[in-house]
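S.K.: Chains as they are written, first to last, in our numbering: chain A, 702 to 1650; chain B, 5 to 274. Handing you this structure, nothing more for now.
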Amino acid sequence: MHPGKWLIDFALDHPRLVTAVMVGIAAVLIALVAAPSLAPDTFPMLSGVKVDTDPENMLDRDEPVRIFHNDMREVLSLYDMVVVGVVNDAHPNGVFNVQSLRNIYDLTEFARSLRGEALGVSDPRAGVIEVDLIAPSMVDSIEQGEPGTVTFEWLMPRPPETDEEALAVREKAMRIPFLNGTLVSEDGKAISLYLPLTSKDMSSRVYSKLQPMIAELEQRGGDDAYYVTGQPVAEDVFGVEMFKQMAISAPLAMLVIFLLMLFFFRKLILIISPMIIAMLAVIYTMGLLIATGNTIHIMSSMIPIFIMPIAVLDSIHILSEFFDRYQETRDRRKTISAVMASLFMPMLYTSLTSAAGFGSLALAPIPPVQVFGIFVALGVLLAWLFTVMFIPAFVMMLPERSLENFGAPAGHAEEAGAHTASGRLLRWMGRFAYRNAKAVIAASVVLAVVAAYGISLIEVNDNPTKWFRKSHPIRVADRVLNEHFGGTYMAYLALSPEGEQAKPMEQAEEAEEEPTDAPDLPSGLGGEEPGLPAGLGGEEPGLPAGLGGTPSAAPTAAPTSSEPEALEIFKDPGVLAYINRMQAALVETEAVGKSNSLADIVRTVHRDLIDGTEASYRIPDSASAVAQCLMQYQSSHRPGDLWHFVTPDYRHTSVWVQLRSGDNVDMQRVVEAMEAFFAENPPVFEIAGETVRLEPQWFGKTYINVVWQEKMVTGMLMSFLGSFFVVLLMMTVLFRSGLWGLLSMIPLTLTIALIYGVLGLIGKDYDMPVAVLSSLTLGLAVDFAIHFMARSRELQRENGSWKDTYALAFGEPARAILRNVIVIAVGFTPLLFAPLVPYNTVGVFLASILLISGVATLLLLSSLIRLLEPLLFPKTRVCSITCRCGTCILTAVTAVLVVWVNVVQFISKGVTQFTIVSIIALPILMLGCFLASRRAACRTREALCETED
Amino acid sequence: MKFSWLMLSGILAGLACAGLAVPAVAQDAAPSVDEIVAKTNHMAYYQGASGRARVKMTITDSQGRARSKEFTMLRKNMDDQDKTQRFYVYFHAPADERGTVFMVHKFVDKDDDRWLYMPALDVVKRIAASDERTSFVGSHFFYEDVSGRGLDEDHHELVETTDTYYVLKNTPKDPGSVEFDSYTMYIHKDTFIPVLTQYEKGGEVYRESKALAVEEIQGYKTVTRSMISDMNQGGQTTLEYTSVTYDTDLPDDLFTERRLRNAPMEHLQD
């Protein structure tokens, strides 16, 4: 008798109905997702597939650092950029030769036109922002001309015709600090073009347009190498690869698992069922994920890969036992009933623990991780439901004769199993653990200590660029360009007056716009003008007031006075000098290759307005002099460039920081170094009798990555602890024993310790995928312990002593574990060949988790059982938790910890969509409990101690 | 420089001072393209023998953030051929730009001479004759718009004559030297004031200048409010002319390098 009997009986009685409902719902889900994805306009109410590869979304939309990031980007007009690096290592002058510069010129001319129609989008302005494009032919050079003169002209107005002219371009560019190390590499070999985009979803279009152009340039000959990169490109490529992995790696893993199962069970028709279960679980989960409007993110794209092994695990236990028992009775209904009876509770608990492990991620402070956790938990529970219902149904639907040769020969199950190589290995392991229990435990303790040391070495670090493998073009471009330039990873260090926001609420909306249309024609002067001017498409303009037009109602833009109301902080020479000191401190960190600031612009313009010598490369002495330098700087082809560094009210500025590495540790180091700098040099100034306190604040993608990673590490640790206690509580309840509960946690604890210990020892960074995998470890590693202990306890009761039991425990139950280890570990090797590192990590982790927890379960648990036998199998058989003091205390402590750890996280999150989900789920679960408790079985006292009787 | 005089008309029209007689062009006698071009150029830059205007310039960016500057512009025609001219632009505001001077000696047959004086740095600089299509002090106007684009730099074509306007299409002779493909001017038939100038590139109008208000001052039709808009980036610059006077007595030595440091305040104060 087990609680799920009616469920299984139902499936056995109505196999076709169960199958039809399962498949039917799957078909509906597929339709729900496919319809809006393929025809979004026809089904606006449904949500289709939305891909999101932006690492920024690791943070909540209303996270303060993200709001600040977006506000600053807006007020300073900073855009996502596609970077095209051109490197020539063969020519002695690098790219500064006639041929290369010609190519670069042509590439620029091509790139500047990439918007609107050229990209196949209807908005004519969408695409590359021409005025902000950085290229030799698009930027200004300010320089000394004849004595007493200064010139402002394009750095490279046309391709040079001689090598001297080519070198002159380099000379000019390298004199301008803003360009040196950004446009032109410091070694003078390479040039980078920066193509700002109106929005980053233009990048894939721009990227694909650039490819043929680059191919054409390469065909002209020459030794130029082209590298296209930049954050939006990397994100796009990642999205594409992610889909490829979902379409290739996951099915390939499925295929390998299928072949392995075929090898173990040799019955094609039977092993189709776990495949169907895995597929259905994935379809349901992903279907619900997409239909509920969630995006496919790097995290959620991995959901299928997490669900598949877990979905298959339970089936392997069932099939394994069915395989061993079938020939005893040759009655499939009886066999499957018996198998399900012994496996129902362990399977329920393994699924619940896995779900708890993932479900705890819903409390992590990172939205994509929450979604991932919730849906994997959902998938695990669905997979469980399918397993207990569909496998029995499937077995019933098979023609009896197709099972004729299935399974180990009758009555010889144990012997048959024992004579295979794996059987011998398991038997040896059982004996070994029984005889050397103390040694096994001692060895485990030693390993745990080593692991603890390893864990202390773990370095928390991430870098979304490193989610690509080393050989990937994006990684190659990243490496090459960072060798030549001051760094391609951008972060910004903003300075604002304390408490003052750069983007006042509703600011832009309030400003009155100058009317864009001239006044209408007056009645007397041509109300009946002819239509459009032929061939020009424009409307004939109205006449201005005074020429017969009516005066326009709003004569001027929003009232502005010539004199600023607030102090213009960043015209102050003292403040600018401070910014230069700040920049020097930045470069000292060594992670920063270069920085650009308003102060650099002022120094550069000052130098060339005075005499062009290095001595004049300084901040002038008065704010007026600064203002006049900047006035000249704006008298260029690109007056808007200034506003990328400072707001027009001169109250907010940002320093562009170029890092050579996108590693969070490097960014973190810079942040800390600057904190020290600000502590030593507080940004407080006396300007015109006013005390100004500036507040430094970071933004930019590289910095945002640091913020979400910090949250992730602490968040993951908390949710791991939370689920650890949940699982411990569940185990205590399952086994009605605190000791058994604690025991079941040992293999998984050792597994996790070893995995993270090795991580620390080999120096692999603790990054996003690694952090998330801790919950997978928890869910999977405890599975084996549950199966092994539940079955051992059952067998122990039948045989009386561990001495007589362990051999049996190392029979069928151990075989199921071994089969699982092999199937999953080998099954996920295709992940190792994926070009995305997170997938590789998952593959290695899955194999390690199963292998280590399998071995730990078999050796360590059985050793512990051997030593603790008197305590574990006491004479008293009272099973109520409240009858055992230790168990009761442990349960109470665990329960308190569960509540404390999880509730603290839950409360601190405030109201999220998951709060709403929980509020809905709670009454449903309570209703379930109410109904369940009114079952007939509950009316008898025996139900109290069901697992033990 | 044909092209810029259209848009600059805004700036310069304030200073311009051709005779009151201009409006007398007969409607029925259709002028030739050259006549239209010449008259428009005259209206935009050459009205009167000299001119003075106080100008408030408001630069508004795509985010609606506005800054303003105020300057006085002095102009003197050095001949009556609508050719050689001198300009003296003195900045009053913002305070930290006060005293900055921009001076032009404009020639038709050779490059203009341009000077810059920055009082806070006490520096006088010649600005080398190169590209004049750079921003005038950070506004949406170009330097070329201030002093005028040479009539010989473009081909002119009268594409349409409406009841109100001569529509003139201007195509650069050296397309490499400018950023536009062509520009189209809507020239008011009665006054030859260029009311609207649109700059096109790739078939799109990306920049335009408009005369928003015209007044008659000392008998001269004068643009007193004008605007240049940038459709690519968003944002615009408006100019408002106050205290416009024509035919004031501006001595030649006012337009010399010497007077950059020593501004002729008697002509600059209102």
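Think of the CB as a built atom: it goes at the ideal place given N, C-alpha and C, for glycine as much as any other residue.
(1) If contact means a Cβ-Cβ distance below 9 Å, which residues of the region 1333 to 1345 of chain A contact chain B?
(2) Could you tell me which of B:A99, B:I40, B:S143 and B:A124 sits nearest to A70 of chain B, measuring between CA atoms?
(3) With F1546 of chain A as the anchor, note down where its beta strand (DSSP E) starts and where it stops.
(4) Using a beta-carbon distance below 8 Å, is P27 of chain B in contact with chain A?
(5) Which first and last residues belong to the alpha helix (DSSP H) in which K1412 of chain A is found?
(6) Can you tell me which residues form a DSSP beta bridge with I949 of chain A?
(7) Using DSSP with H/G/I as helix, E/B as strand and the rest coil, what is G988 of chain A?
(8) From which residue to which residue does the beta strand (DSSP E) around A1192 of chain A run?
(9) Does the structure place the region 1153 to 1160 of chain A close enough to the region 1455 to 1470 of chain A that three or more beta carbon pairs sit under 8 Å?
(10) Is there a C-beta anywhere in chain B that falls below 8 Å from the one on V1727 of chain A?
(11) Cβ atoms of D864 of chain A and N798 of chain A: under 8 Å apart, would you say?
(12) Does K1272 of chain A come within less than 8 Å of chain B when only Cβ atoms are used?
(13) Hey, how far is the Cα of E1291 of chain A from the Cα of Q1369 of chain A?
(14) Just grab the DSSP bridge partners of H109 of chain B for me.
(15) Ignore the nearest five residues each way along the sequence and tell me which others in G1378 of chain A's own chain have a CB closer than 7 Å to its CB.
(16) I need the straight-line Cα distance from V1147 of chain A to L1099 of chain A, nearest angstrom please.
(17) Short of 8 Å in beta carbon distance, which residues of its chain neighbour L1552 of chain A, apart from the five on each side in sequence? Order them along the chain.
(18) What three-state label does DSSP hand A276 of chain B in the structure shown?
(19) List, in order along the chain, the chain A residues whose C-beta lies closer than 8 Å to that of T104 of chain B?
(20) CA-CA distance, G1048 of chain A and L1559 of chain A?
(21) Which chain B residues are close to P825 of chain A, counting only those with a beta carbon under 9 Å from its beta carbon?
(22) Taking Cβ-Cβ distances below 8 Å as the criterion, which residues of the region 1290 to 1313 of chain A are in contact with chain B?
(23) Taking C-beta to C-beta, are M47 of chain B and V59 of chain B nearer than 8 Å?
(24) Using the rule of at least 16 other Cβ atoms within 10 Å of the residue's Cβ for burial, across every protein chain shown, is P765 of chain A buried or exposed?
(25) Is DSSP giving P176 of chain B helix, strand or coil here?
(26) Rounding to the nearest angstrom, what Cα-Cα distance links W1168 of chain A and I949 of chain A in this structure?
(27) Return yes when the Cβ of T1450 of chain A is within less than 8 Å of the Cβ of T1478 of chain A, no when it is not.
(28) At 7 Å on the CB atoms, spell out the chain A contacts of E219 of chain B, in chain order.
(29) Would you kindly work out how many angstroms separate the C-alpha atoms of E1411 of chain A and V1181 of chain A, rounded to a whole number?
(30) Output yes or no for whether 8 Å exceeds the beta carbon distance between V1293 of chain A and G1188 of chain A.
(31) Quick one: Cα of V1040 of chain A to Cα of V1414 of chain A, how far?
(32) When you compare the CB of Q273 of chain B with every CB in chain A, is at least one pair closer than 8 Å?
(33) Can you say whether I1004 of chain A is buried or exposed, counting buried as having 16 or more other CB atoms within 10 angstroms of its CB?
(34) Runs of 4 residues minimum, wholly inside the region 1482 to 1532 of chain A: which ones carry the alpha helix (DSSP H) assignment?
(35) Are the beta-carbon atoms belonging to K1272 of chain A and D65 of chain B less than 8 Å from one another?
(36) Under 8 Å, Cβ to Cβ, is there at least one residue of chain A near H192 of chain B?
M.R.: Straight from the coordinates:
(1) Q1333, Y1334, Q1335, S1336, S1337, H1338, R1339, P1340, G1341, L1343 and W1344
(2) Taking the first residue of the second sequence as position 1, residue 70 of chain B is located at position 66. For the residues B:A99, B:I40, B:S143 and B:A124, the minimum Cα distance to A70 of chain B belongs to B:S143.
(3) The residue you call residue 1546 of chain A lines up with position 845 of the first sequence. Looking at the DSSP string, F1546 of chain A is not in any beta strand (DSSP E); the run it does join, the alpha helix (DSSP H), is V1538 to V1556.
(4) Residue numbering aside, residue 27 of chain B sits at position 23 when the second sequence is read from its first letter. Because P27 of chain B carries a pLDDT of 42, less than 50, the predicted location of this residue cannot be relied on, and no value is offered for it.
(5) Start at 1 with the first residue of the first sequence, and residue 1412 of chain A comes out as number 711. In the DSSP assignment, K1412 of chain A falls within the alpha helix (DSSP H) that extends over K1402 to F1436.
(6) Taking the first sequence and counting its residues from 1, one reaches residue 949 of chain A at position 248. DSSP lists no partner for I949 of chain A.
(7) Locating residue 988 of chain A in the first sequence gives position 287, counting from the first residue. If DSSP states are grouped into helix, strand and coil, G988 of chain A belongs with the helices.
(8) Working through the first sequence from its first residue, we reach residue 1192 of chain A at position 491. Unbroken beta strand (DSSP E) run through A1192 of chain A: Y1190 to P1198.
(9) yes
(10) Outside the modelled stretch of chain A, which goes from 702 to 1650, sits residue 1727 of chain A, for which no answer is possible.
(11) For the purposes of this step, residue 798 of chain A is taken as the residue at position 97 of the first sequence. For the purposes of this step, residue 864 of chain A is taken as the residue at position 163 of the first sequence. Yes, they are a contact pair.
(12) In the first sequence, residue 1272 of chain A corresponds to position 571, counting from 1. Chain B contact via Cβ: present.
(13) Within the first sequence, numbered from 1, the residue matching residue 1291 of chain A stands at position 590. Within the first sequence, numbered from 1, the residue matching residue 1369 of chain A stands at position 668. So the alpha carbons of these two residues sit roughly 12 Å apart.
(14) For the purposes of this step, residue 109 of chain B is identified with residue 105 of the second sequence, where counting begins at 1. B:R90 and B:D117, per the DSSP bridge assignment.
(15) Translated into positions along the first sequence, residue 1378 of chain A becomes position 677. Gly is not the amino acid found at residue 1378 of chain A; the sequence shown has Phe there. So the list reads M1283 and A1286, once near-sequence residues are dropped.
(16) The sequence position of residue 1147 of chain A within the first sequence is 446, counting from 1. The sequence position of residue 1099 of chain A within the first sequence is 398, counting from 1. Near 51 Å, if we compare the C-alpha coordinates of L1099 of chain A and V1147 of chain A.
(17) Mapped onto the first sequence, residue 1552 of chain A falls at position 851. Cβ within range, chain order: V1522 and A1526.
(18) Given a span of 5 to 274 for chain B in the structure shown, any question on residue 276 of chain B remains unanswerable.
(19) Counted from its first residue, the second sequence places residue 104 of chain B at position 100. Correct list: Q1329 and M1332.
(20) In the first sequence, counting from the first residue as 1, residue 1048 of chain A sits at position 347. In the first sequence, counting from the first residue as 1, residue 1559 of chain A sits at position 858. Reading off the sequence shown, one finds Met at residue 1048 of chain A, where the question assumed Gly. Rounded to whole angstroms, M1048 of chain A to L1559 of chain A spans 18 Å at the Cα level.
(21) Along the first sequence, read from residue 1 onward, the residue named residue 825 of chain A stands at position 124. Within chain B, the C-beta atoms nearer than 9 Å to that of P825 of chain A come from E208, in chain order.
(22) H1307, L1310 and I1311
(23) As a position in the second sequence, residue 47 of chain B is number 43, starting the count at 1. As a position in the second sequence, residue 59 of chain B is number 55, starting the count at 1. No, the pair does not count as a contact, with Cβ atoms beyond the cut-off.
(24) The sequence position of residue 765 of chain A within the first sequence is 64, counting from 1. P765 of chain A is classed as exposed because its beta carbon has fewer than 16 other beta carbons within 10 Å across all chains shown.
(25) Within the second sequence, residue 176 of chain B is the residue found at index 172, counting from 1. DSSP places P176 of chain B in strand when its eight states are reduced to three.
(26) The residue you call residue 1168 of chain A lines up with position 467 of the first sequence. The residue you call residue 949 of chain A lines up with position 248 of the first sequence. Each residue's alpha carbon lies about 18 Å from the other.
(27) For the purposes of this step, residue 1478 of chain A is taken as the residue at position 777 of the first sequence. For the purposes of this step, residue 1450 of chain A is taken as the residue at position 749 of the first sequence. It is not a contact, given that the beta carbons lie outside the stated cut-off.
(28) Residue mapping note: residue 219 of chain B aligns to position 215 of the second sequence, counting from 1. Per Cβ cutoff of 7 Å: G1247.
(29) In the first sequence, counting from the first residue as 1, residue 1411 of chain A sits at position 710. In the first sequence, counting from the first residue as 1, residue 1181 of chain A sits at position 480. Their Cα atoms are separated by approximately 29 Å.
(30) Walking along the first sequence from the start, residue 1293 of chain A turns up at place 592. Walking along the first sequence from the start, residue 1188 of chain A turns up at place 487. Result yes, Cβ atoms of V1293 of chain A and G1188 of chain A sit closer than 8 Å.
(31) By one-based count along the first sequence, residue 1040 of chain A stands at place 339. By one-based count along the first sequence, residue 1414 of chain A stands at place 713. Roughly 42 Å separates the two Cα atoms.
(32) Mapped onto the second sequence, residue 273 of chain B falls at position 269. Q273 of chain B does not count as touching chain A.
(33) As a working note, residue 1004 of chain A is residue 303 in the first sequence. Label assigned to I1004 of chain A: buried.
(34) 1503 to 1510 and 1513 to 1528
(35) On the first sequence, residue 1272 of chain A is found 571 positions in, with the first residue counted as 1. On the second sequence, residue 65 of chain B is found 61 positions in, with the first residue counted as 1. No, these two residues do not count as a Cβ contact at 8 Å.
(36) Position 188 of the second sequence, counted from the start, is the residue given in the question as residue 192 of chain B. Closer than 8 Å to some Cβ of chain A, the Cβ of H192 of chain B qualifies, so yes.
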